[in-house]
Amino acid sequence: MTSKHQRRYDLDAMRIFAMLTIFFFHCGRFFDPFGWHLKNAETSDTLAIFIGFISMWSMPLFFLISGVGTWYGLNARTPGQYLSERVKRLLVPFFTVGLFFLLPPQYFFELTTNRGFTGSFAESYGLFLAHIFIDNGPSAFYCTVWSGHLWFLQQLFLVSLFTLPLLVYLRSDSGRSKIRRLAAKCDRAGGIFLLVIPVAVVSVGLQWIPQEKEHGWPDFFNYTAFFLIGYILPMEEDFFESIRKSLWLSLCLGTFAFSACAFLVLKGGYDPDGVSSISWAYLCFQIAASLGALSWIVFFLSLAAKYLNHKSNTIAYGNEAVLPFYILHQTIILIVGWFVVQSRTSIPAKYVIISMTSFALIIALYEFLIKRINALRFLFGMRINSRLH
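Per my numbering, the sequence shown starts with residue 679, numbered consecutively.
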């Protein structure tokens, strides 16, 4: 069994890796052929492959790493303290800086690009507030409200809340016994892929149900499965041993699964967003997508365990910065992109400019403002620093 107090620096590194992946993913969304809040006039079909690849595993990785963090968090907290911490980390940023400052610009770009809106930002701000407070109400428990990229905070809180009784049970003698038996079956190269079964069952069973918005309830249960997988990983060393042994197998399975999904979409005409019933193409796609997500996560976890499981100032800095970086990133990217996409430079040049400028702005805001002012630390989900006045 993994020690309660043993720090896994490789998992801290994976949290940073997941954030950077999402950052560069969103920097590319201007240029793929799919819908988004703001688009470049010229798009790239080649970039669509990159976007599809990252989409397969990036958010599942975020939820899995959050599950790992929850295991360690409940080692030092009661369930009530854990929920209080979740409120501070997730709901406070969502309902303060998120709702009133970061989401309104995104809503303006969304209205302008996709809904024929020609008014000012001030007018769109009023429409946004009406959508939130009149149409839906500012509820963390409503997965159809428009929430930009902050849907992750919303859904992670819901996952944390709804799974808490199960999380507590798994820490009991009975729960640990079941996890030990499962881990014993995974203690070999490839054994970790037994965990794809619940993910595939959830995906096949729910993803055909129409979602009122992106990342609705079917996605919620899919991400819950990855969260629970992350939660049980630190409970038994056998899980990590299988991950370490599965580096090349996970690479092969991940490549195969992504290729299968790409073939179904590009050659088979399958539309993952247009599903309304269960078909053979649907079954094949959902199983391949589930296998691909877990395979790439195992691949990156295996690399991190081999090369990054050591103390590092860079990892320590990045681990503290991850949440405010995530909260800021998409709004900053869209504001920078608003100006860049209107230029006449090439797609690669625009991508580099957007990425470098946005990264510099986010780090500057974090380093010189958020990190150094306790009121801002609180609003961005960080712990209060007693050394600051």
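Backbone N, C-alpha and C define an ideal beta-carbon position, used for all residues, glycine too.
Note that the structure is predicted; figures quoted are calculated from it, not measured.
Neighbour-count burial assignment, residue i, 16 or more Cβ in a 10 Å radius
i: F830; result: buried
i: I870; result: buried
i: M737; result: buried
i: I875; result: exposed
i: W974; result: buried
i: M1034; result: exposed
i: R1022; result: exposed
i: K1028; result: buried
i: S681; result: With a pLDDT of 49 at S681, under the threshold of 50, the predicted position of this residue should be treated as unreliable, though the coordinate-derived value follows. By the neighbour-count rule (16 or more Cβ atoms within 10 Å), S681 is not buried but exposed.
i: T748; result: buried
i: I694; result: buried
i: Y909; result: buried
i: L836; result: buried
i: T902; result: buried
i: W958; result: exposed
i: P900; result: Reading off the sequence, residue 900 comes out as Asn, not Pro. Label assigned to N900: buried.
i: D723; result: exposed
i: R1055; result: buried
i: I965; result: buried
i: I1062; result: exposed
i: Q832; result: buried
i: A719; result: exposed
i: P1002; result: buried
i: T992; result: exposed
i: P888; result: exposed
i: F840; result: exposed
i: E1045; result: exposed
i: P1026; result: exposed
i: D916; result: buried
Among the options, nearest to residue i - alpha-carbon criterion
i: D949; options: W824, L689, W886 and I1010; result: W886
i: K717; options: N900, R707, A726 and D723; result: R707
i: L884; options: S855, P843 and S955; result: S955
i: L848; options: S798, L906, L807 and L828; result: L906
i: V775; options: S825, I857, G751 and L805; result: S825
i: R1050; options: S937, L739, I993 and E998; result: E998
i: F772; options: L925, Y1004, I1013 and F1037; result: Y1004
i: R1065; options: L1057, N1052 and A862; result: N1052
i: F712; options: F728, D897 and G751; result: F728
i: L807; options: F779, L873, L739 and C939; result: F779
i: E914; options: A861, Q1020 and S937; result: A861
i: Q676; options: V1019, G952, A726 and L842; result: Because the chain here runs from 679 to 1067, residue 676 falls outside it and cannot be looked at.
i: L942; options: Y960, G745 and L925; result: Y960
i: P783; options: V846, F898 and L805; result: L805
i: A982; options: A726, F1058, S924 and V1030; result: S924
i: A1038; options: G1059, I1010 and S1024; result: I1010
i: V810; options: G947, Y785, S980 and A800; result: Sequence check: residue 810 is Ile here, not Val. Per the Cα distances, Y785.
i: D690; options: C939, V877 and G996; result: G996
Nearest-angstrom beta carbon gap, residue j and residue i [assumed within contact, 8 Å]
i: N987; j: Y687; result: 5 Å
i: F904; j: L742; result: 5 Å
i: I1032; j: H1007; result: Not really, about 11 Å apart at Cβ, beyond 8 Å.
i: T791; j: H715; result: 6 Å
i: V1000; j: M697; result: 5 Å
i: F787; j: L1012; result: 5 Å
i: L1043; j: V770; result: Not quite, the Cβ-Cβ distance comes to about 18 Å (not below 8 Å), so this is no contact.
i: F977; j: S937; result: Actually they are not in contact, since the Cβ atoms of F977 and S937 sit about 15 Å apart, beyond 8 Å.
i: V1014; j: S990; result: At roughly 29 Å, the Cβ-Cβ gap does not stay under 8 Å, so V1014 and S990 are not in contact.
i: R764; j: S838; result: 5 Å
i: S762; j: L834; result: Not confirmed; about 15 Å, so no contact.
is_contact[residue i, chain C] using C-beta, thresh 8 Å
i: N718; result: The structure shown contains no chain C, having only a single protein chain.
Indicate whether the contact test is met: 3 or more Cβ pairs, each with one atom in the stretch 860-869 and one in the stretch 914-926, closer than 8 Å.
yes
Validate contact between the stretch 933-942 and the stretch 954-971 using beta carbons, cut 8 Å, 3 pairs:
yes
Mind the definition here: the stretch 728-736 touches the stretch 695-703 only if three or more C-beta pairs lie below 8 Å; say whether that holds.
yes
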